[in-house]
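What follows is a set of notes on a single structure, which appears directly below.
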Amino acid sequence: MGRNLASLLAGLLFGFGLALSGMTHPQKVLGFLDVAGPWDASLLFVLGGAGGVTLVSFRFIMRLGKPLLAERFVITRETHIDRPMILGAILFGIGWGISGYCPGPAIALIASPNWELLAFLPAAILGAVTEKYFELRAQKRAMQARAAQPQEAKD
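For the sequence shown, position 99 (counting from the first letter as 1) is numbered 85 according to our numbering, and the numbering increases by one without interruption.
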């Protein structure tokens, strides 16, 4: 119950921050992304605030040893940048640039949907499902390749 309540409160705070910053308005986001046109740099304050809070608080949070409402921290050790990551980032950026919606603000706007959002959300869901399909397919191929390797002769 505590984790669910904490998740709800964090989500509400995140949604409030998105709305307060203007990130739920696609024209504001597109104005920020359009550096060649009439650039709206005001979202730099949002980015700077998020980065600043993270830089300061991350050091203290990691000293706790474990999260307050979980058994352990889940932090990736992955540092390899591969083709799927680059392609995913490109697709994410194209989708964000075309629509002006990032997934977080899009979910926050479910409370007051418009036709753009109703087109964006199914496309985002389709993209997530497609990514999962290719991930599972790659895992299956890797398992098949390991199984097909000849076993080393035992002495």
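All residues carry an ideal CB built from backbone N, CA and C; glycine is no exception.
Asked, Found
"Under 8 Å between C-beta atoms of Ala92 and Ala5", "no"
"Inter-residue spacing [alpha-carbon to alpha-carbon] between Lys126 and Gly81", "28 Å"
"beta-carbon Ser98 near the ligand NAP non-hydrogen atom, thresh 7 Å", "By its list of ligands, the structure shown contains no ligand whatsoever, and the ligand NAP lies outside what it can speak to."
"Distance, Phe120 Cα to Arg132 Cα", "18 Å"
"Spatially closest choice to Asp26 from Gly35, Gly34, Lys14 and Val32, by CA coordinates", "Lys14"
"Per-residue DSSP class, three states only, for Pro99", "coil"
"Inter-residue spacing [alpha-carbon to alpha-carbon] between Met9 and Leu29", "8 Å"
"Ala128 versus Lys118 - alpha carbon distance", "15 Å"
"CA-to-CA distance, Arg58 to Gly51, given in whole angstroms", "8 Å"
"For Arg58, the three-state DSSP class (helix, strand or coil)", "coil"
"Closest by C-alpha distance to Phe78, when choosing among Gly17, Gln130, Leu(-9) and Leu112", "Leu112"
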